[in-house]
Every structure is written in C-alpha cells, then in structure tokens.
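In this note's numbering, the protein residues as written are 280 to 684.
Data first, discussion second: the structure below is written as structure tokens.
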C-alpha cells in the first residue's frame, strides 16, 4: 500500500473510530436517562403504602347489659361528670322501625332529567309495576305519574286516561330528554330520590306512612325528646327511593338528606319494618359506676328524680351489669371491602410499574447489545489502525533510508 493510500485509509479509520465513540456516548447517555426513569419508578414503588387488612379487634368492643324492671338496656357512651358519670342507656324494643340495610348505596346527581318516549293512548291493561316508569308531560317537562290520579284504576289493573293526558314512558334508550319536576337532583342506587311529600303524593295511599312516622319517633324519639323542631329528625329529613316487587308493589327505602347531600358519594339506607326492633337512647347525668380490678364496669346506679326538680337525684336503682365482647361485623365487612379495593388498586399500580420497568429494561438491553457491537467494531478498527500506522511508519522509514543512502 502506498503512502498516500495508507494515509487516506488511516484518516478514514480515525473518522470511523471517532464516529463510533460519538455513537457510544449517545447510547450511554440514553442508558443514563433510562436508569433515571427506572430509579423514579422504583422510588414510586417504595413510596406506595401497602394496604393493611383490618383487624377484628379494631371493631370489637366490650358491651355492658343490664335489666331495670322489665327493660333490658345496653350501656352506650360514658363520660365523666364531676365525681359521677354521664351515661347513655340504650333500650331495645319491638315495633315499627327503620332497620339499616347492609352496606351503603351509591348516590349520584340526576340533574332532574329523564330519557323516554311519549306513549300514544292505548286501552291495554297495566299493572302497578308497569306504570312505575310512567310520567305525565306538562309544558315540555314531566312529573312522575300518580297512580290514583293519572290512571283509571280497576282492582289491581290500571288504564291510561283518554282525556288528553300525555304520557311519557321512561327508557334508557328513549329518544327525548325531559326535565323531571319530581326529581330531587339525586338518585340512590340508580333510582330517583324523592322528598317525603313527593313520595307520599305518588304512593302514599298504598303505604303506611303513619307507620314510618312512628318508626322515626321510635328510632330518634319525639321532636321534644330530640331537642325541639330545629334539631329533630322528621320525615322531611329523609329522601326516599322505591324498588318494586314482582307483583308491582312499591318498596320504599330511606336515606338521611345529610348523607345524600354530603361530600361522600354513598349513603346509608334504611328499610321500614313494621314489627322490627328499635333502640331508644336515654341519657342520665348523675350515674355512679362500680369497677372491678380489671377496669370493667360491674354495676351502675341509675338516678331517679322528683318531678319538681329533675336535676337533683333523690335516689338510685342499682343494676348489676354483664360484660361481653361484641364485634361490629357490618363495619368490619365494609372495612374489609375497602381493603380489598385498596389492595386491587395497589396491585394494579405495582403491575403497571413493573410493566413500565420491563419495557425500559428491554430497551436498555437493546442499547447494551448495540453498544457491544460498536465496541467490537471499534476494537477491529483499532487493530486495523495499528496495522496502517505500521505501514505508514515503514513507508516513512523506507523513504528516509532511500534519500539518506
């Protein structure tokens, strides 16, 4: 190889070597970025809180019961009151009650709208269940059809009126949207929620609303017992929604307005039971308590008063108490359901992080393989450079010897 050819080859190899080194630097920079991304994902994983299943001990309390005359009571809250105690006695009785349903129901804002289609007049027979989705159209808006007002009733059968009444049947696939004058801007468990008055207007003649009113008083006490009208739980404190039996009979379910209109999107729901059990609370301010060596209450002195002076006890009834542990199973199940959801969310996030990490690691392996190929090529070029340099040196040395001879 001549001098000029060797020099040209040498320069080409140096340029190629420099280009390989530049590519290697770029790859290393990319791998550094990928490493930072993996570190960020790893730190995110470390910062995640692992869900902890609830312990039954967190929902287990000591329950004290006693018998005062014909009444069996349970000790509720106990607060110090000077040298005595303020004690809440919970007495369970049988009668009209609002029993809490298991779990909670979803609450959504309905914005007072329904979808449906206007129904032409037909003489066909309808059941109560059929007409539960009927509305009456008035000036572009609709109101829930009232069974005893908007239909002709014959036994258990109902018929549309042929007097110009315009009916709309609610349907998720309906072609039109209407403003629902009865809606309260909320739905509970997917059903329209109604104020007590609207619910009574719709189905009051078929339901024992007096029984529900009694159930409220049984659960919360009379208006006076609750501290007056401003503090009392009354029928106006509830929203009501309906489900229907196969026979078409409406079944009411109750939720406190404060729950429905609160920040949470779920509410506790109550069902009316005609012959259920209800608990009333009575608070005594001047109780004496007896404790054993383990700190458990063994007896309570319940004060009684002269009617002329309800603040000063004139004597006490001493009642022995029985202690037993009690687990709030419903609360525990709710907490465990929340844990399972949190665990699902945690596992899902971990899987997403692992998947992202695997993609980054795969990309890093590809870059590492590419870097290895570049390194091998650079080694070959380095070897060839050494050979070309030797040829150039030999040429130089030969040339000098020629002119020096």
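Idealized CB from N, CA, C, for every residue including glycine.
CB of residue i within 8 Å of CB of residue j, strictly
i, j, result
"residue 595", "residue 580", "yes"
"residue 302", "residue 648", "no"
"residue 323", "residue 632", "yes"
"residue 359", "residue 621", "no"
"residue 356", "residue 547", "no"
"residue 379", "residue 549", "yes"
"residue 567", "residue 363", "yes"
"residue 412", "residue 448", "yes"
"residue 315", "residue 545", "no"
"residue 415", "residue 438", "no"
"residue 465", "residue 388", "yes"
"residue 440", "residue 405", "no"
"residue 518", "residue 492", "no"
"residue 345", "residue 557", "no"
"residue 660", "residue 292", "yes"
"residue 564", "residue 520", "no"
"residue 341", "residue 575", "yes"
"residue 320", "residue 636", "yes"
"residue 638", "residue 528", "no"
"residue 524", "residue 484", "no"
"residue 467", "residue 539", "yes"
"residue 642", "residue 325", "no"
Limits of the alpha helix (DSSP H) - the one that residue i falls within
i, result
"residue 427", "426-429"
"residue 538", "536-539"
"residue 489", "488-499"
"residue 564", "Segment 549-570 is the beta strand (DSSP E) holding residue 564; no alpha helix (DSSP H) there."
"residue 477", "475-482"
Burial state of residue i, where buried means 16 or more other Cβ atoms lie within 10 Å
i, result
"residue 354", "buried"
"residue 562", "exposed"
"residue 376", "buried"
"residue 332", "exposed"
"residue 399", "exposed"
"residue 644", "exposed"
"residue 393", "buried"
"residue 554", "exposed"
"residue 503", "exposed"
"residue 290", "exposed"
"residue 402", "exposed"
"residue 418", "exposed"
"residue 603", "exposed"
"residue 669", "exposed"
N- and C-terminal bounds of the beta strand (DSSP E) containing residue i
i, result
"residue 602", "601-606"
"residue 454", "Neither: residue 454 is in no beta strand (DSSP E) and is coded neither H nor E."
"residue 583", "576-585"
"residue 342", "339-347"
"residue 441", "Note, residue 441: premise wrong, no beta strand (DSSP E); not H, not E."
"residue 381", "Segment: none, residue 381 is in no beta strand (DSSP E) and carries neither H nor E."
"residue 522", "517-523"
"residue 351", "350-360"
"residue 423", "420-423"
"residue 467", "465-467"
Anticipated Cβ contact below 8 Å, residue i with residue j, distance rounded
i, j, result
"residue 339", "residue 552", "That pair is no contact at about 27 Å."
"residue 609", "residue 578", "Going by Cβ atoms, the distance from residue 609 to residue 578 rounds to 30 Å, so no, they are not a contact pair."
"residue 452", "residue 391", "Wrong, their Cβ atoms sit about 20 Å apart, outside the cutoff."
"residue 369", "residue 494", "Not really, about 17 Å apart at Cβ, beyond 8 Å."
"residue 306", "residue 646", "5 Å"
"residue 455", "residue 396", "7 Å"
"residue 460", "residue 421", "7 Å"
Those runs of the beta strand (DSSP E) which lie wholly inside the stretch 384-412 and span at least 3 residues: 384-388, 392-398
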